[in-house]
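**Q** Per numbering that gives the first Met the number 0: the sequence shown = residues 0 to 222.
I'd like to ask some things about the structure below.
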Amino acid sequence: MYKNTKVDLNKVDPIVKNILNELKFNPDDCLWNKHNAVCMKHKYIEIAGQNKGVIIESLDEIEKNSKEGVVAIKCTASLDGNRVITYGEATPKNNTNAYPYAMAEKRAIDRAVLKLIGIHGFVYSEDEVDNNFESMPINKPIAKPITKPINQQQDKVDKVYIATALDKIENNSDKKNSSGLRKDIENLKSKINQSMGWDAFIKTDQFPKFNALRNQITKQQRS
């Protein structure tokens with residue numbers, strides 16, 4: 000079991016403090032430490048979403064296996080013209096309760112709210128942090144050697160990663176930049192090929208969307 004500890008307010012980023020002040024939240028009430036990460040309690044995230052006017056546009060099941068307790072929910076949400084698409088996952092690896100659907104939905108919505116109000120990465124949902132969570136300091140980015148080949152990057156290219164990447168390409172606001180979109184789709188293809196192999200990917204239910212987007216981008220370039 001994790002041990003709840005109070006947050007050292009001197010270490011809370013000013014961005015977070017400003018948002019909490021705007022929401023009239025007492026940091027001592029709504030924030031706490033869990034596995035070395037600053038977390039916000041779920042009820043306060045719900046209040047923040049309501050007070051800010053976050054709109055949950057859709058919640059879609061993109062993966063479900065009731066027998067194995069595996070669920071992934073895609074949440075599309077917006078605030079003041081800004082839109083995010085994010086995911087909540089519940090598996091036996093990160094969830095111990097008997098309600099994986101409810102947990103996946105809760106995680107997806109909480110993450111969307113925190114992203115839209117501008118503090119995700121500084122603060123996490125309490126249900127987003129588990130025993131394996133490692134909080135990366137925002138103000139200390141890891142330096143990447145300039146000689147490191149792109150194909151050595153350790154992205155976890157799974158079903159959720161691919162769905163996120165396809166959604167970003169599909170919802171790109173700069174539709175005229177077909178060359179940029181082409182680069183994005185080809186980079187995704189390369190990562191998929193390195194991760195699972197292209198022959199395996201074309202047999203999945205995600206390939207039709209990938210193929211349709213690639214054809215659409217190709218037509219844009221030719222026109």
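The beta-carbon is built from N, C-alpha and C at its ideal position, and this holds for glycine as well.
Small disclaimer: the values here were computed from a predicted structure and weren't measured.
Using 8 Å for Cβ pairs, my map puts residue 123 next to residue 107. What's the rounded Cβ distance?
**A** As a first step, residue 123 must be located in the sequence shown, where it is residue number 124. As a first step, residue 107 must be located in the sequence shown, where it is residue number 108. At roughly 13 Å, the Cβ-Cβ gap does not stay under 8 Å, so residue 123 and residue 107 are not in contact.
**Q** Residue ranges of each alpha helix (DSSP H) run of no fewer than 4 residues wholly in the stretch 151-213, ordered along the chain?
**A** Runs found: 158-169, 177-194 and 197-200.
**Q** If you measure between the beta carbons of residue 84 and residue 104, is that distance less than 8 Å?
**A** The residue given as residue 84 occupies position 85 in the sequence shown. The residue given as residue 104 occupies position 105 in the sequence shown. It is not a contact, given that the beta carbons lie outside the stated cut-off.
**Q** In the DSSP assignment, the alpha helix (DSSP H) including residue 30 goes from what residue to what residue?
**A** The residue given as residue 30 occupies position 31 in the sequence shown. Premise fails: residue 30 lies in the beta strand (DSSP E), 30-33, not in any alpha helix (DSSP H).
**Q** DSSP three-state call for residue 11: helix, strand or coil?
**A** The residue you call residue 11 lines up with position 12 of the sequence shown. Residue 11 falls in the coil class under three-state DSSP.
**Q** List the endpoints of the continuous beta strand (DSSP E) containing residue 245.
**A** The chain is shown only over 0 to 222; residue 245 falls outside these bounds and no answer can be derived.
**Q** Going by other Cβ atoms of all chains shown within 10 Å of its Cβ, with 16 needed for buried, is residue 231 buried or exposed?
**A** Because the chain here runs from 0 to 222, residue 231 falls outside it and cannot be looked at.
**Q** For the stretch 25-34 against the stretch 57-70, do three or more pairs of beta-carbon atoms, one drawn from each stretch, fall closer than 8 Å, so that the two count as touching?
**A** No: fewer than three Cβ pairs fall under 8 Å.
**Q** Report the start-end ranges of each beta strand (DSSP E) in the stretch 43-117 that is 3 residues or longer and not cut off at the edges.
**A** Whole beta strand (DSSP E) segments, 3+ residues: 54-64, 69-78 and 81-89.
**Q** Which term fits residue 99, buried or exposed, when burial requires 16 or more other beta carbons within 10 angstroms of its beta carbon?
**A** The sequence position of residue 99 within the sequence shown is 100, counting from 1. With 16 or more Cβ atoms within 10 Å of its Cβ, residue 99 is classed as buried.
**Q** Determine contact between the stretch 90-99 and the stretch 13-29, defined as no fewer than three beta-carbon pairs at a distance below 8 Å.
**A** No, the stretch 90-99 is not in contact with the stretch 13-29.
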